[in-house]
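As structure tokens, the structure follows; a few thoughts come after it.
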Amino acid sequence: MGYGSYQSKDWEKLRSSRNINSQSTVQELYRSREMKEHLNPYGVKYRESCDSPDNPASTAIIFGLDVTGSMGYLSEEIAKGALNRTMLEIYDKNPVTNPHIMFQAIGDSKTDEAPLQTTQFEADIRIAEQLLDVYFEGRGGGNGGESYLLAWYFASRHTKIDCYENRREKGFLFTIGDECCHGNLTEAEIKRVFGDSVPEREYTAQALYKEASSKYEIFHIVMKAGAWQHQKSGESWRRLIGVRAVELDPEDLDVLPEIFVSLMQYARGMERDRISEQWQGKAIQVTKDVLKNIEENMEKFPLEEKKRRAFLKF
Numbered sequence: 384m385g386y387g388s389y390q391s392k393d394w395e396k397l398r399s400s401r402n403i404n405s406q407s408t409v410q411e412l413y414r415s416r417e418m419k420e421h422l423n424p425y426g427v428k429y430r431e432s433c434d435s436p437d438n439p440a441s442t443a444i445i446f447g448l449d450v451t452g453s454m455g456y457l458s459e460e461i462a463k464g465a466l467n468r469t470m471l472e473i474y475d476k477n478p479v480t481n482p483h484i485m486f487q488a489i490g491d492s493k494t495d496e497a498p499l500q501t502t503q504f505e506a507d508i509r510i511a512e513q514l515l516d517v518y519f520e521g522r523g524g525g526n527g528g529e530s531y532l533l534a535w536y537f538a539s540r541h542t543k544i545d546c547y548e549n550r551r552e553k554g555f556l557f558t559i560g561d562e563c564c565h566g567n568l569t570e571a572e573i574k575r576v577f578g579d580s581v582p583e584r585e586y587t588a589q590a591l592y593k594e595a596s597s598k599y600e601i602f603h604i605v606m607k608a609g610a611w612q613h614q615k616s617g618e619s620w621r622r623l624i625g626v627r628a629v630e631l632d633p634e635d636l637d638v639l640p641e642i643f644v645s646l647m648q649y650a651r652g653m654e655r656d657r658i659s660e661q662w663q664g665k666a667i668q669v670t671k672d673v674l675k676n677i678e679e680n681m682e683k684f685p686l687e688e689k690k691r692r693a694f695l696k697f
């Protein structure tokens, strides 16, 4: 999938037709009351990001959104404007070529009916159309974490991306949420969510992260709200994925598009100061702080990301 290109005018038409405005609630934005079959990962062999005449050098990008109860404000922000601005900034700043976007809605595979929903990779307004089809289950298990590792499992085992297959350029995978990541997926969870028959054992978060990292640059944005404080989510995520865990205040959520683009540019080798200087207003300082924290924290994680060179290679 991934034909055509994104046009802001198409977003404005969709926004008008769906009556999306600054007052829209999660329930008004996401009208599905159960998981739609085309978003169900069960039985999906592959979601594909393929080169085409419209997009001859495609880059696969996955955004995994926590859709449990505490994260409604994130899904609102994405639907009301952050998606449109992210696409416009990607085209303007060119951190990657020919973006193909997939959205994933992430819940809890230990408790939820629809713990993962996943769109196709798309390059045009279908990005937004499929996002708005997501069923906002709004649950989560109250069990100390959510199943962000579902995104890694699906990306690793159920996507085919030409950027990696044809050019050995990694795609990007961003997950966003306030809770810790569950430490494992069980055989039963994998069977229930994906329909995959796997050996009877647990698949750890560490192993799935490393597996997915072979073809995706992975980041997790830890929202400093909800469960963040009492779960110490930021510390937990840094133990799991090192400096690729980025903490963000909810008051800075309006800078999320600039953060996405900045992290892509940084992973592709652009220098920190050049990245921050391209922005305007508040985004200058927020992106500068995000990248500064990455570089300062490298010394605290002396494994594969101790140095910037290792960061770029992993």
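384 is the number of the first residue of the sequence shown in this note's numbering; add one for each residue after it.
Ideal Cβ positions, reconstructed from N, Cα and C, are used throughout, including at glycine.
Residue i burial status per 10 Å Cβ neighbour count (16 or more: buried)
i      : result
PRO439 : exposed
ARG621 : buried
PRO582 : exposed
PRO436 : exposed
ASN467 : buried
LYS396 : exposed
GLY490 : buried
GLU417 : exposed
GLU687 : Legend: pLDDT at GLU687 = 48, less than 50; position of this residue unreliable, value from coordinates given subsequently. With fewer than 16 Cβ atoms within 10 Å of its Cβ, GLU687 is classed as exposed.
LYS428 : exposed
GLN500 : buried
GLU496 : exposed
GLU618 : exposed
ALA511 : buried
HIS421 : exposed
LYS696 : Reliability of the predicted coordinates at LYS696 is poor, the pLDDT of 42 falling under 50, and the value obtained from them is presented with this limitation in mind. By the neighbour-count rule (16 or more Cβ atoms within 10 Å), LYS696 is not buried but exposed.
ASN481 : buried
GLY664 : exposed
GLU572 : buried
GLY625 : buried
GLN513 : buried
ARG575 : exposed
LYS690 : Confidence is the limiting factor: at LYS690 the pLDDT is only 48, short of 50, which leaves the residue's position unreliable and the question unanswerable from this model.
LYS598 : buried
SER405 : exposed
THR670 : buried
SER391 : exposed
THR408 : exposed
TYR425 : exposed
Residue interval of the alpha helix (DSSP H) (run including residue i)
i      : result
THR670 : 665-680
GLN503 : GLN503 -> no alpha helix (DSSP H), and no H or E assigned at all.
ASN467 : 466-476
GLU520 : Looking at the DSSP string, GLU520 is not in any alpha helix (DSSP H), and its letter there is neither H nor E.
GLY455 : 455-460
ASP656 : 655-660
GLY640 : The amino acid occupying residue 640 in the given sequence is Pro; Gly does not appear at that position. Here the alpha helix (DSSP H) through PRO640 covers 639-650.
LEU397 : 391-400
HIS421 : Counting along the chain, HIS421 falls outside any alpha helix (DSSP H), and DSSP gives it neither H nor E.
GLN614 : 611-614
Sheet register partners of residue i (DSSP bridge)
i      : result
LYS543 : GLU431
ALA732 : The chain is shown only over 384 to 697; residue 732 falls outside these bounds and no answer can be derived.
THR558 : GLY447 and HIS603
LEU568 : TYR586
SER415 : TYR518
GLU529 : CYS564
Distance between beta carbons of residue j and residue i, contact taken as under 8 Å
i      : j      : result
HIS565 : SER530 : 5 Å
PHE643 : THR469 : 6 Å
SER432 : PHE486 : About 13 Å separates the two Cβ atoms, so there is no contact after all.
TRP662 : GLU641 : 5 Å
ILE604 : ALA443 : With 8 Å as the limit, ILE604 and ALA443 do not qualify as a contact, their Cβ atoms being about 18 Å apart.
ALA506 : TYR389 : 6 Å
ARG430 : THR542 : 5 Å
LEU623 : ALA595 : Not quite, the Cβ-Cβ distance comes to about 13 Å (not below 8 Å), so this is no contact.
Start-to-end residues for the beta strand (DSSP E) that takes in residue i
i      : result
ALA443 : 442-449
ILE489 : 482-489
GLU634 : Taken as a continuous stretch (DSSP letters only), GLU634 belongs to no beta strand (DSSP E), as it is neither H nor E.
Residue-chain proximity (residue i, chain B), Cβ-Cβ < 9 Å
i      : result
MET647 : Protein chains in the displayed structure number just one, and chain B is not present.
Practice task
Report yes or no: do the stretch 529-545 and the stretch 585-593 share at least 3 C-beta pairs separated by less than 8 Å?
Solution key: These segments touch.
Practice task
Determine contact between the stretch 506-525 and the stretch 597-609, defined as no fewer than three beta-carbon pairs at a distance below 8 Å.
Solution key: Contact between the stretch 506-525 and the stretch 597-609 is absent: fewer than three C-beta pairs spanning the two stretches fall below 8 Å.
Exercise for the section: Check whether the stretch 438-452 touches the stretch 551-570, taking contact to mean three or more Cβ pairs, one atom from each stretch, closer than 8 Å. Expected result: With the rule of 3 Cβ pairs closer than 8 Å, the stretch 438-452 counts as touching the stretch 551-570.
Problem - Touching by the beta-carbon criterion (3+ pairs, under 8 Å), the stretch 565-577 and the stretch 627-645 - result: Contact between the stretch 565-577 and the stretch 627-645 is absent: fewer than three C-beta pairs spanning the two stretches fall below 8 Å.
Practice task
Assess, as a yes-or-no matter, whether the stretch 612-619 is touched by the stretch 655-668 under the definition of 3 or more beta carbon pairs within less than 8 Å.
Solution key: No, the stretch 655-668 is not in contact with the stretch 612-619.
Handout entry: Segment contact, 8 Å Cβ cut-off, at least three pairs: the stretch 470-482 with the stretch 636-650
Key = Taking one beta carbon from each stretch, the stretch 470-482 and the stretch 636-650 have 3 or more pairs nearer than 8 Å; the two touch.
Practice task
Could you say if the stretch 450-461 and the stretch 407-416 meet the contact criterion of at least three C-beta pairs nearer than 8 Å?
Solution key: Touching, per the Cβ criterion.
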